[in-house]
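Here is the structure we will look at, set down as structure tokens.
Number of protein chains: 2
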Amino acid sequence: MTGDQLTVTSIVERAEKFHADREVVSRRSSGVTDRTTYGACARRARRLAGALSDLGVNEGDRVATLLWNQSEHLELYFAVPAMGAVIHTLNPRLFPDELAFIVEDAEDSVIVVDETLLEVFETFRSTYDFTHIIVVTHTGRAPAGTLDYESLVAGAEAADWPALDENSAAAMCYTSGTTGRPKGVVYSHRALVLHSLVAALPDQLAVSARDTVLPVVPMFHANAWGLPYAAALAGARLVLPGPRVDAESVLDLCSYEQVTMTAGVPTVWMAMLAALDNEPERWQLTELDRLIVGGSAVPRAMFEGFDRHGLTVVQAWGMTETAPLGAVCRLPSRLDQSNADEQYNYRARQGTATPLFHIRARDEDGNTIAWDDAAMGELEVRGPWVATGYHAGRGADSFTADGWFKTGDVVRIDPHGCIRICDRSKDLVKSGGEWISSVDLENKLMSHPAVSQAAVIAVPDNRWGERPLAVVARRPGTEVSADELRAHLAQEFAKWQLPDRFEFVDAIPCTATGKFKKTDLRTQFATV
Amino acid sequence: MTGDQLTVTSIVERAEKFHADREVVSRRSSGVTDRTTYGACARRARRLAGALSDLGVNEGDRVATLLWNQSEHLELYFAVPAMGAVIHTLNPRLFPDELAFIVEDAEDSVIVVDETLLEVFETFRSTYDFTHIIVVTHTGRAPAGTLDYESLVAGAEAADWPALDENSAAAMCYTSGTTGRPKGVVYSHRALVLHSLVAALPDQLAVSARDTVLPVVPMFHANAWGLPYAAALAGARLVLPGPRVDAESVLDLCSYEQVTMTAGVPTVWMAMLAALDNEPERWQLTELDRLIVGGSAVPRAMFEGFDRHGLTVVQAWGMTETAPLGAVCRLPSRLDQSNADEQYNYRARQGTATPLFHIRARDEDGNTIAWDDAAMGELEVRGPWVATGYHAGRGADSFTADGWFKTGDVVRIDPHGCIRICDRSKDLVKSGGEWISSVDLENKLMSHPAVSQAAVIAVPDNRWGERPLAVVARRPGTEVSADELRAHLAQEFAKWQLPDRFEFVDAIPCTATGKFKKTDLRTQFATV
Numbered sequence: 001m002t003g004d005q006l007t008v009t010s011i012v013e014r015a016e017k018f019h020a021d022r023e024v025v026s027r028r029s030s031g032v033t034d035r036t037t038y039g040a041c042a043r044r045a046r047r048l049a050g051a052l053s054d055l056g057v058n059e060g061d062r063v064a065t066l067l068w069n070q071s072e073h074l075e076l077y078f079a080v081p082a083m084g085a086v087i088h089t090l091n092p093r094l095f096p097d098e099l100a101f102i103v104e105d106a107e108d109s110v111i112v113v114d115e116t117l118l119e120v121f122e123t124f125r126s127t128y129d130f131t132h133i134i135v136v137t138h139t140g141r142a143p144a145g146t147l148d149y150e151s152l153v154a155g156a157e158a159a160d161w162p163a164l165d166e167n168s169a170a171a172m173c174y175t176s177g178t179t180g181r182p183k184g185v186v187y188s189h190r191a192l193v194l195h196s197l198v199a200a201l202p203d204q205l206a207v208s209a210r211d212t213v214l215p216v217v218p219m220f221h222a223n224a225w226g227l228p229y230a231a232a233l234a235g236a237r238l239v240l241p242g243p244r245v246d247a248e249s250v251l252d253l254c255s256y257e258q259v260t261m262t263a264g265v266p267t268v269w270m271a272m273l274a275a276l277d278n279e280p281e282r283w284q285l286t287e288l289d290r291l292i293v294g295g296s297a298v299p300r301a302m303f304e305g306f307d308r309h310g311l312t313v314v315q316a317w318g319m320t321e322t323a324p325l326g327a328v329c330r331l332p333s334r335l336d337q338s339n340a341d342e343q344y345n346y347r348a349r350q351g352t353a354t355p356l357f358h359i360r361a362r363d364e365d366g367n368t369i370a371w372d373d374a375a376m377g378e379l380e381v382r383g384p385w386v387a388t389g390y391h392a393g394r395g396a397d398s399f400t401a402d403g404w405f406k407t408g409d410v411v412r413i414d415p416h417g418c419i420r421i422c423d424r425s426k427d428l429v430k431s432g433g434e435w436i437s438s439v440d441l442e443n444k445l446m447s448h449p450a451v452s453q454a455a456v457i458a459v460p461d462n463r464w465g466e467r468p469l470a471v472v473a474r475r476p477g478t479e480v481s482a483d484e485l486r487a488h489l490a491q492e493f494a495k496w497q498l499p500d501r502f503e504f505v506d507a508i509p510c511t512a513t514g515k516f517k518k519t520d521l522r523t524q525f526a527t528v
Numbered sequence: 001m002t003g004d005q006l007t008v009t010s011i012v013e014r015a016e017k018f019h020a021d022r023e024v025v026s027r028r029s030s031g032v033t034d035r036t037t038y039g040a041c042a043r044r045a046r047r048l049a050g051a052l053s054d055l056g057v058n059e060g061d062r063v064a065t066l067l068w069n070q071s072e073h074l075e076l077y078f079a080v081p082a083m084g085a086v087i088h089t090l091n092p093r094l095f096p097d098e099l100a101f102i103v104e105d106a107e108d109s110v111i112v113v114d115e116t117l118l119e120v121f122e123t124f125r126s127t128y129d130f131t132h133i134i135v136v137t138h139t140g141r142a143p144a145g146t147l148d149y150e151s152l153v154a155g156a157e158a159a160d161w162p163a164l165d166e167n168s169a170a171a172m173c174y175t176s177g178t179t180g181r182p183k184g185v186v187y188s189h190r191a192l193v194l195h196s197l198v199a200a201l202p203d204q205l206a207v208s209a210r211d212t213v214l215p216v217v218p219m220f221h222a223n224a225w226g227l228p229y230a231a232a233l234a235g236a237r238l239v240l241p242g243p244r245v246d247a248e249s250v251l252d253l254c255s256y257e258q259v260t261m262t263a264g265v266p267t268v269w270m271a272m273l274a275a276l277d278n279e280p281e282r283w284q285l286t287e288l289d290r291l292i293v294g295g296s297a298v299p300r301a302m303f304e305g306f307d308r309h310g311l312t313v314v315q316a317w318g319m320t321e322t323a324p325l326g327a328v329c330r331l332p333s334r335l336d337q338s339n340a341d342e343q344y345n346y347r348a349r350q351g352t353a354t355p356l357f358h359i360r361a362r363d364e365d366g367n368t369i370a371w372d373d374a375a376m377g378e379l380e381v382r383g384p385w386v387a388t389g390y391h392a393g394r395g396a397d398s399f400t401a402d403g404w405f406k407t408g409d410v411v412r413i414d415p416h417g418c419i420r421i422c423d424r425s426k427d428l429v430k431s432g433g434e435w436i437s438s439v440d441l442e443n444k445l446m447s448h449p450a451v452s453q454a455a456v457i458a459v460p461d462n463r464w465g466e467r468p469l470a471v472v473a474r475r476p477g478t479e480v481s482a483d484e485l486r487a488h489l490a491q492e493f494a495k496w497q498l499p500d501r502f503e504f505v506d507a508i509p510c511t512a513t514g515k516f517k518k519t520d521l522r523t524q525f526a527t528v
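Protein sequences, first through last, are from chains A and B. Per UniProt numbering: the first sequence = residues 1 to 528. Per UniProt numbering: the second sequence = residues 1 to 528.
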């Protein structure tokens, strides 16, 4: 009995009691699909908690995971917070030195690794002394010196969930950090429960018992945008794609499992759109109601592209520090009769703050900007699921004296409170005292049929201070010149806003979470 | 700035900032329709709070309202909690001595009365010394000795909302009390915010910015089931019907205002169904997506009746003590392919507990019953918006030692956690050691075409302990005998369960909230 505290336990108990029969599907790296239920996951979570407890995991201890989106990860999402410990999801796409730094910083106790990620684990294993290493096996046995996940669950007594304070820590995730060292963000039980409720609201991600939810966004990245908990709370069917998230694999799953809602970063959907354009009849996607996209700005071309296939892309905005959901962009009824242009321009915005999520933006002088869609300022946020500090007191300069988190996103806000990101504060180009939005230029460049990726960075300029430089990856088999792209941009931008230089590359380097790694581009190109 | 506390202020600020243009419609007793917006209501609420403050209303003070569903009531819903005071909604349909008792018990300070309710107010005015009497006028001026609402709002300075603790009191409502004195229930800010979030979820009442919500359930009754706050949070258009809630008036509003969702007690919908059956083409209800019904059990005939008109009735369960929403009955996807009988039997249940709402039922020996849909026990509930006591420590016997509220509803619970009310604990008939459900008998009786209302009560019996007695009101112009009704019941009930006596009346007495007043029936009929 969890009383009236807002704890993850209440989500776990709800899944166990009310949604016991609802299916949880895991696709393995082998291509095999395993099927279980919330009821089975919740019951196994009780035994898993018993096993972890036997291994010495106490309240407040960090349990690290190196897993894909798979049912065992869901069991850990259930067991670890409900037993009072803290689940710390590791991103296997980080560099070994980053992973080594993170497990040390978090002082993890036990780690649970999928056997397909043992190779990644070996790259940093020797740097840190885990109390126990638990391996989820599918084909073989757990290697010597490690414990077998299934044997542990099979052998342990089911735990009773302790009463917990809603403000205690439940989960932990590190920012992927485009600059500097990763920083740890800790989520309280209260934060995760409120986030789940709000994420499930009709105008947010709209998670219902009638949904089949496929989180392409990894469970090691900002709680898979909170979808596993929101789905368990609502009793939505959950489809976990494992390591294979290429366009064809995701489309196969959407079609075969009759997915109603999926979520991920733009790069995933770009590849998916290309696959659909190529073979429009191959997949049966009549049940697919919405594709949630977030993590970086969505080019208008993506909305248009999916609309051609009768699929609706909905943009959401968030960060690891915001658990992550902060805003969702739903076309308001007042624009129902507007023309396509106005509708696309609106849908390409980052959206309106969710309930309980407070926003403001401040200009360079620290003044709060007007909501007139013209003034630009750095977005600052606060609310029940927004970090008020990083683990171990790091990054204090990311928080204002009055307790707001500085997002680093430079935004305009319209009179209805709808956000439009103009840039990252560090990515803005300031030319002759005027700001140029690199994001606007990138979006327009990516709307050109020959462009697959485009990133705009500031390069120092003796006369103007800074000038924009465009780094462009062309679609295979297409040709386009700098002059042609400049002419394409000139349809919408003033002459002084156009990039002086265009650099063509095969692919733009990305971070582990799919964002353009502008730091690398600056190193490579930003020399006078 | 309301920080991360869960306060009504955050709902008010959200309505003001994000839903400023969304319409709030009030139909007056005159039939005139006034139109305003959330933005205007929220701005006026700031001035109203300033005025109340000038009149001496402090944090924690109770502000009584004697109002219909009207925009001024919404302004008080906004202003009073946000200023840190407590809104105490009075039910004008109570008897004068009940109202006198309630205002005394609550120690109200100021009272706000609609001019159309001055006559009701006069019946108890002399019994209690309000610090100020404020009158909302439409046609005339506020009577001598009272203050005019509009003049107060016009003349005051806008207040800034103070920072509040989420556990402080925000609102207060008295149980209508079928037995005994009314008891006060106090709602905290936290309770109301969590209730609003959960009520708005897709599988609960599903309140979205695209909805137009018409609460027929009065704002003086359990916060109009939380709909005003849920609608303000979501930005749903709000249509407030004023005092006229007869079937034609409600249907006119639904049709003209393109209402998508409405909510009220079964008696309202019964009358509405009769009107629709009578003139099926008169109203244009294509936008009307769902009718939420609660407050007492819904006969299957009502679901069938509205289905004939293409309208979906959804049953919800709650009590004043539960803020009120505790359960909603949505057909689960596993029953999509079931036959009509199974579907209707399911929809006639009270539903599945909402997220964060905990349920259990215990039998006469105090043992928790199995969820097998066979065992019967009294429903006990707890959660963030469930009362843990009544005002001034009254009614302590309604709470268990371990903190659960005893609902008095006797239920069966199915393996998926879906509740079916068999009876009120005080209304169960115990015949020869076996329980007979009066509710089941009533529902079957009301499915007979000649029956408009039916109530079954227990009467003392020398041989069996108790026996059921049916009180029946026939539809005008129809005839039906006791023997015919007994034969009708015998289709579903065993012989020993059939009422021995049938009493025919013109109408069954109801409480102020539309429930059968079985205490009166017992006085009248339950003699050996």
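Positions of the beta carbon are idealized from the N, C-alpha and C atoms, including for glycine.
Distance between beta carbons of residue j and residue i, contact taken as under 8 angstroms
i: Asp148/B; j: Thr131/B; result: About 16 angstroms separates the two Cβ atoms, so there is no contact after all.
i: Pro243/B; j: Trp68/B; result: 5 angstroms
i: Arg35/A; j: Glu23/A; result: 6 angstroms
i: Ala81/B; j: Ala170/B; result: The residue asked about is misnamed: residue 81/B is Pro in this sequence, not Ala. That pair is a contact at about 4 angstroms.
i: Val198/B; j: Thr354/B; result: 5 angstroms
i: Gln350/A; j: Ala327/A; result: 5 angstroms
Of the residues the options, the one placed nearest residue i, counting alpha carbons only
i: Ala209/A; options: Pro218/A, His195/A and Tyr229/A; result: Tyr229/A
i: Val314/B; options: Asn345/B, Phe504/B, Pro92/B and Gln258/B; result: Asn345/B
i: Ser437/A; options: Val411/A, Val213/A and Leu48/A; result: Val411/A
i: Gly305/A; options: Met446/A, Glu364/A, Val185/A and Thr368/A; result: Met446/A
i: Glu119/B; options: Phe405/B, Asp336/B, Ala49/B and Arg93/B; result: Arg93/B
i: Gln258/A; options: Asn462/A, Leu238/A and Asp500/A; result: Leu238/A
i: Arg334/B; options: Thr9/A, Ser10/A and Asp21/A; result: Asp21/A
i: Ala49/A; options: Pro415/A, Trp161/A and Ala64/A; result: Trp161/A
i: Trp283/B; options: Asp277/B, Leu311/B and Asp252/B; result: Asp252/B
i: Thr352/B; options: Asp520/B, Gly417/B, Ala450/B and Ala487/B; result: Gly417/B
Partner residues on chain B for residue i, Cβ-Cβ distance less than 8 angstroms
i: Val207/A; result: Pro202
i: Pro384/A; result: Asp4 and Leu6
Contacts that residue i makes with chain A (C-beta to C-beta distance below 8 angstroms)
i: residue 549/B; result: For residue 549/B there is no data in the structure shown, the boundaries of chain B being 1 and 528.
i: Val198/B; result: Leu197
Contact list for residue i against chain A, beta-carbon separation under 7 angstroms
i: Thr352/B; result: Phe18
i: His416/B; result: Phe18
Interface residues of chain A facing residue i [CB-CB closer than 9 angstroms]
i: Ala234/B; result: Leu201, Pro202, Asp203 and Pro355
### Residues of the segment 4 to 15 of chain B with Cβ closer than 9 angstroms to any Cβ of chain A, in chain order
Asp4, Gln5, Leu6, Ser10, Ile11, Glu13 and Arg14
### Query
For the 8 angstroms Cβ check, are there 3 or more pairs between the segment 418 to 434 of chain B and the segment 390 to 398 of chain B?
Note that the segment 418 to 434 of chain B does not touch the segment 390 to 398 of chain B; fewer than 3 beta-carbon pairs, one per stretch, sit closer than 8 angstroms.
#### Entry: Stretch-stretch touch, CB-based, cutoff 8 angstroms, three pairs: the segment 253 to 264 of chain B with the segment 211 to 230 of chain B
yes
### Message
Assess contact between the segment 287 to 301 of chain A and the segment 364 to 382 of chain A, defined as three or more Cβ pairs (one per stretch) separated by less than 8 angstroms. Is contact present?
### Response
no
### Task
Answer yes if the segment 186 to 206 of chain A comes into contact with the segment 151 to 161 of chain A, meaning at least three C-beta pairs across the two stretches below 8 angstroms, and no otherwise.
Contact fails: fewer than three Cβ-Cβ distances are below 8 angstroms.
#### Entry: Given 8 angstroms, three or more beta-carbon pairs between the segment 222 to 236 of chain A and the segment 105 to 124 of chain A
Judged by pairs of C-beta atoms under 8 angstroms, the segment 222 to 236 of chain A does not touch the segment 105 to 124 of chain A, as fewer than three such pairs exist.
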